[in-house]
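Everything below concerns the one structure shown next.
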């Protein structure tokens, strides 16, 4: 969903263009489904899942940023099994273009897990899924689905009550890496910087602005 691009000025009656945030995601559905559900106001968010790898994702973001006047551009991608040099180059390229970077190593599901527990051991993406399935099953009485579904369009709503836990855990997980140079990005594992994008979007949610 791309939210309305205009806001009517109550004094003049004229429509003013809202700030626009482009969110370019590696996954075609998982990440866009999540970001699409943020209940933002007075801003347009445009989450796009392009289904491409790290460097090509950033190149796509560069192309789109030249075609349109975005206020912010964010790149959301995973380390996965991509070569270390490719991953580091993508991070550097995004930084050189002043894009926000919300990468995860090993995968985006780490952000989901951190809603429930602190995880600082390296496990595979398959183990992430298994862990999420176990968490969901344990919370069935709270209205959780029987299992984690990767492309669940309601995933933001399901996780939202625990978001403050994920923000705290993500920051604790990344603090040891904050002083490291960009070339070492691929060796930061486990880590996720999705929290930075979430905090930015939260600025545009009325309930958070009142906190």
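In our numbering, the protein residues as written are 13 to 223. In this text, a Cβ means the ideal position worked out from N, Cα and C, and glycines have one as well.
query: Look at the alpha carbon of residue 154 and the alpha carbon of residue 210, and state the distance between them as a whole number of angstroms.; result: 24 Å
query: To the nearest angstrom, how far is the alpha carbon of residue 119 from that of residue 90?; result: 5 Å
query: Quick one: grab the DSSP three-state call for residue 110.; result: coil
query: Compute the Euclidean distance between the alpha carbons of residue 64 and residue 45, then round it to the nearest angstrom.; result: 17 Å
query: Answer with buried or exposed for residue 60, where buried requires no fewer than 16 other C-beta atoms within 10 angstroms of its C-beta.; result: buried
query: For residue 193, count the other beta carbons within 10 Å of its own beta carbon; 16 or more makes it buried, fewer makes it exposed. Which is it?; result: Unreliable positioning characterises residue 193 in this predicted model, as indicated by a pLDDT of 45, which lies under 50. A coordinate reading is not provided.
query: In whole angstroms, give me the CA-to-CA distance for residue 170 and residue 35.; result: 21 Å
query: Is the segment 105–113 close to the segment 68–76, with three or more CB pairs under 8 Å?; result: yes
query: Sort out for me which residues DSSP pairs residue 132 with in a bridge.; result: Residue 132 pairs with nothing; no bridge assigned.
query: Label residue 66 either buried or exposed according to how many other C-beta atoms from any shown protein chain fall within 10 Å of its C-beta, with 16 as the threshold for buried.; result: buried
query: Determine the direct distance from the alpha carbon of residue 203 to that of residue 115, and round the result to whole angstroms.; result: 8 Å
query: Residue range of the alpha helix (DSSP H) that residue 70 falls in?; result: 66–79
query: Verify whether the separation of the beta carbon atoms of residue 160 and residue 50 is less than 9 Å.; result: no
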